[in-house]
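Protein chains in written order, with this note's numbering: chain W, 1 to 146; chain B, 1001 to 1301. Worksheet for the structure shown next.
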């Protein structure tokens, strides 16, 4: 199934579950993961991300966009796995650019994300974050373009 | 049975979500506490650094003041005189210089580039050079004194062996009074001297460049010879007073208003003149900050 974004980008749904939809941006080496619910349990979270790994390799994805706007809670151990395990594996197959979209106007959520990142930095000082280009954006379009 | 499994599954997810939210709350709370502690620590360090720096500047102020002649000593040279000297910050880029050698009296108003610490450092150098040129080498002609000052400031600040060239300098109004002959010899760089006689103000302009770059422009330096009469009022000043922003339209005070002010009050005793100048600029400035260092020297001959 294809979705047209702002008449500029064609998104193809390449994976779908109860908790997330994954899109491939046609003509670009960009993969988008959209969280569909307020919360993704760790088993489902890992399932979604492990399902994306072959897609990253197959399509030689250079940029990954994680759209968290529907989330209202995150599971810190899931995030630690995502940062420490999944991103490391993705870096090994060439994915180093990550764009994130947080829920709008939820200062407490942003603070929790900051706190979570600081905890990971503190608990895993040998992480690969410094080798990645991780930035926050406000929309999918913005994330694709920058 | 299937429904029960679904409910159990829902409960498990809900429980994990609640635990996650509690974990987020605890983690954020701990993070904010840590940030607050770090901020408090930084604030304390900043406060200590500020105190250390301020103590250093206050001590530098004492050194700078020790280089200036006391008002009492100035009044021994010129019994009817005032000095209005107000730094923008603690340290000043402006300074005054007096010296007497028998019937010859020297007065200078000096405005070094900038204000605060850099300006003050330059005042120390210029003060030392004036002592060297006038007291030790006994140069008498103001034009020659300024030309030599120009050369030496340039030499000290732009020496080829220095890693960094400093493009700084000074403006100066330099007067030599020959009290036997009642003649004032004036030479200036950017700064003028005003003389009020019989209710009329005459401006003697300085050369239109600052000292310190030792360029060919020093050829425009000259000495103007002014015959004095008893009761003449002579004013030397930096640009701090006339450049002060304020008034209803937040403008500079301007030279024309300064001249009017001096003409209005020149008949008053010198201490009263100073008081009027201070009251005027305080009122003009209102709630605004002082724009630059201020220096005005008034002498009733």
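Each residue gets a CB set at the ideal place from its N, CA and C atoms; glycine is no exception.
One alpha carbon belongs to residue 1072/B, the other to residue 1041/B, and they sit about 48 Å apart. The Cβ atoms of residue 1295/B and residue 1237/B sit closer than 8 Å to each other.
Counting along the chain, no beta strand (DSSP E) covers residue 1179/B, and no H or E run does either. For residue 74/W, at least one C-beta of chain B is nearer than 8 Å to its own C-beta.
Remark: C-beta atoms of residue 1281/B and residue 1228/B do not approach each other more closely than 8 Å. Counting along the chain, no beta strand (DSSP E) covers residue 51/W; the unbroken alpha helix (DSSP H) around it starts and ends at 42-58. Taking a contact to require three or more Cβ pairs closer than 8 Å, the segment 1188-1201 of chain B and the segment 1243-1253 of chain B do not qualify as touching.
Counting only the Cα atoms, residue 1301/B lies some 14 Å from residue 1271/B. DSSP, read as helix, strand or coil, puts residue 1266/B in coil. Linking residue 59/W to residue 1051/B through their CA atoms gives a straight-line distance of about 60 Å.
By the 16-neighbour rule on beta-carbons within 10 angstroms, residue 71/W is buried.
Around the C-beta of residue 38/W, fewer than 16 other C-beta atoms lie within 10 Å, and the residue is accordingly described as exposed. Sixteen is the threshold: since fewer than 16 other Cβ atoms of the shown chains lie within 10 Å of the Cβ of residue 126/W, the residue is exposed.
Looking at the backbone, the Cα of residue 95/W and that of residue 11/W are separated by about 19 Å. Counted as a single uninterrupted DSSP element, the alpha helix (DSSP H) harbouring residue 76/W occupies residues 76-81. By the neighbour-count criterion, in which 16 or more other beta carbons inside 10 Å mark a residue as buried, residue 23/W falls on the buried side.
At least 8 Å separates the beta-carbon of residue 1099/B from that of residue 1085/B. With respect to chain W, the C-beta atom of residue 1057/B has no partner C-beta closer than 8 Å. By the neighbour-count criterion, in which 16 or more other beta carbons inside 10 Å mark a residue as buried, residue 86/W falls on the buried side. For residue 1128/B, the uninterrupted alpha helix (DSSP H) segment begins and ends at 1116-1130.
Here the C-alpha atom of residue 34/W lies approximately 58 Å from the C-alpha atom of residue 1245/B.
Within chain B, the residues placing a beta-carbon under 7 Å from that of residue 118/W are 1031, ordered along the chain. The DSSP-derived three-state label of residue 1029/B is helix. Under the 8 Å criterion on CB atoms, residue 1020/B is classed as interfacial with respect to chain W.
Against chain W, the CB of residue 1016/B has a partner CB under 8 Å away; the residue lies at that interface.
Rounded to the nearest angstrom, the Cβ distance from residue 1126/B to residue 1110/B is 6 Å, consistent with a contact under 8 Å.
In the three-state reduction of the DSSP assignment, residue 1187/B falls in the strand class, which pools E and B. Non-local C-beta neighbours of residue 1220/B in its own chain, meaning closer than 6 Å and more than five positions away in sequence, comprise 1207, ordered along the chain. At a beta-carbon threshold of 7 Å, none of the residues of chain B lie near residue 125/W; the nearest stands roughly 16 Å away. Taking residue 1107/B as the centre and dropping the five residues before and after it, the same chain places the C-beta of 1098 and 1175 closer than 6 Å to its C-beta, in chain order.
Judged by DSSP secondary structure, residue 1151/B falls within the alpha helix (DSSP H) whose first and last residues are 1142-1157.
For residue 1112/B and residue 1293/B, the gap between their C-alpha atoms comes out near 10 Å. The beta-carbon of residue 1027/B is placed less than 8 Å from the nearest beta-carbon of chain W. Look at residue 1288/B here: in three-state DSSP terms it is coil, with no helix or strand label. The residues 120, in chain order, have a CB closer than 7 Å to that of residue 80/W in the same chain once the five nearest residues on each side in sequence are set aside. The beta carbon of residue 39/W falls within 8 Å of a beta carbon belonging to chain B, placing the residue at that interface.
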